[in-house]
Amino acid sequence: MVLGVRRHQRLEAIVAKASAPQRLVLRARIVLAAWRRETNAKISRDLGICEDTVRKWRGRFRREGLPGLSDRPRSGRPPVYGIADQLLIVATVTQQTPQVDSHWTHRALAEYLAEPVGIGASQIGRILASLDLKPHRVRGWLNRPADPAFHTKAQAVCRLYLDPPADTVLFSVDEKTAMQARSRKRATRPVRPGQPERREFEYVRHGTVSLIAAMNVTTGTIHPKIITRNDSATFIEFLTELAQTVDPTKNIHLILDNGSSHTSKQTRKWITEHPRFTVTYTPTHASWLNIVEIFFSILTRRMLRRGDFASRDDLADKITTFITAYNETAKPFRWTYDAKLLRAA
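Count the sequence shown with this note's numbering and you get residues 89 to 433, in order.
1. Roughly how many angstroms separate the alpha carbons of residue 396 and residue 387, rounded to a whole number?
2. Starting from the C-beta of residue 384, find all residues in its chain whose C-beta is less than 6 Å away, skip the five residues before and the five after it, and write them out in chain order.
3. Compare the beta carbon distance of residue 112 and residue 157 with 9 Å and say whether it is the shorter of the two.
4. Within 10 Å of its beta-carbon, does residue 350 have 16 or more other beta-carbons around it, so buried, or fewer, so exposed?
5. Between the C-alpha atoms of residue 205 and residue 198, what's the straight-line distance to the nearest angstrom?
6. What did DSSP end up calling residue 352 once you bin it into helix, strand or coil?
7. Please classify residue 171 as buried or exposed, where buried requires at least 16 neighbouring CB atoms within 10 angstroms.
8. When the Cβ atoms of the region 338-354 are set against those of the region 308-326, are three or more pairs found closer than 8 Å?
9. Leaving out five residues on either side along the sequence, give the residues of the same chain with a beta carbon under 6 Å from the beta carbon of residue 251.
10. Measure the Cβ-Cβ separation of residue 330 and residue 315 and say whether it is below 9 Å.
11. How is the beta strand (DSSP E) around residue 342 delimited, first residue to last?
12. Rounding to the nearest angstrom, what Cα-Cα distance links residue 359 and residue 368 in this structure?
13. Which class does residue 177 belong to by DSSP, given the choice of helix, strand or coil?
14. Figure out for me which residue from 364, 401, 421 and 127 has the closest Cα to the Cα of residue 255.
15. How would you write the range of the alpha helix (DSSP H) that residue 384 sits in, first residue to last?
16. Three or more C-beta pairs under 8 Å: does that hold for the region 281-298 against the region 408-424?
17. Residue 194: buried (16+ other C-beta within 10 angstroms of its C-beta) or exposed?
18. Looking at the strands, I want to know which residues DSSP matches up with residue 263.
19. Quick check: residue 173 and residue 207, are their CB atoms within less than 9 Å of each other?
20. Grab the span of the alpha helix (DSSP H) containing residue 241 for me, first residue to last.
21. Could you name the residues that DSSP lists as bridge partners for residue 312?
22. Would you say the region 269-284 touches the region 399-406, given that touching needs at least three Cβ pairs under 8 Å?
23. How many angstroms separate the CA atom of residue 117 from the CA atom of residue 161?
24. Is the distance from the Cβ of residue 394 to the Cβ of residue 285 below 9 Å?
25. Are the beta-carbon atoms belonging to residue 311 and residue 238 less than 9 Å from one another?
26. Nearest to residue 102 by CA position, among 115, 91, 93 and 90, is which residue?
27. Taking the continuous alpha helix (DSSP H) assigned at residue 200, which residues delimit it?
28. Please confirm whether residue 420 and residue 333 have their CB atoms less than 9 Å apart.
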């Protein structure tokens, strides 16, 4: 038997590997002995096996190489539950809902199919696993309404970020609502070497705070307003205050989502009556195009998520303080996406 260097090394590695299955080690030893020109009779005596076994694995290796030393798939015992039973299980999971529970469990399926199939919960689990069906799992799915102008709207927003209009201040505006003012029932223990900060699991709720924020896309600074109502009147009041912070010789261009306070008749009428303002709306369900959302993410990570707030006023004061400090070192975000790939998606 002729062995190349690589095959010989792999066979030696199998024999030397302590965790290798013994049946595979035996077959590798047969091939190596044959390579040393030992007879079938000598190999069978040395390894304590019959000559038929030696001939079988020498022949298998000669025809198939190393893969031939592995066991071939076996047909096994015929399945107790046939295709019709499995199809019934699949149809039940995918087309019906339980009468009481919100979703199917293995036990609920076994009880429901007890008469037509008579199958146990564990066997149902194995069948579903083999088909990659997971009725216990759920994933959120956003069914975006068909909008023929989606790509056009998205590209319009991207063009504003990439090339802001001259003599105009561009703002990305949105609300962050229902931020919870929560305090822990026990004092937080500070971080120590080898031990992270430890926080009391239970907390007390003191209400919520909402925020309107306008990000100056050119400078990256934030113009905030803590609000108690998120309606058209509040939004118009915010725009009035925002206009007072901008050089009166410059126009104001707003990027807004389709929130009710942004698209109401009252808001649209006010914008029409104030020609200094221009609005570009993001497509429906495309909040990721509103760059102020990046700031909201920063606010959440750096202050809200691990903050401790004794009251609504305490939370509002800390948000204001955070934004003041943020504005001192604010820099504009560099927008690089032009939305061209959306059309191919």
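All C-beta atoms in this analysis are idealised placements derived from N, C-alpha and C, irrespective of residue type, glycine included.
Remember, it's a predicted structure, so these values are computed and weren't measured experimentally.
Taking the coordinates as given:
1. 14 Å
2. 264
3. yes
4. buried
5. 9 Å
6. coil
7. exposed
8. yes
9. none
10. no
11. 339-344
12. 12 Å
13. helix
14. 364
15. 380-387
16. no
17. buried
18. 300
19. yes
20. 238-250
21. 301
22. yes
23. 23 Å
24. yes
25. no
26. 115
27. 194-200
28. no
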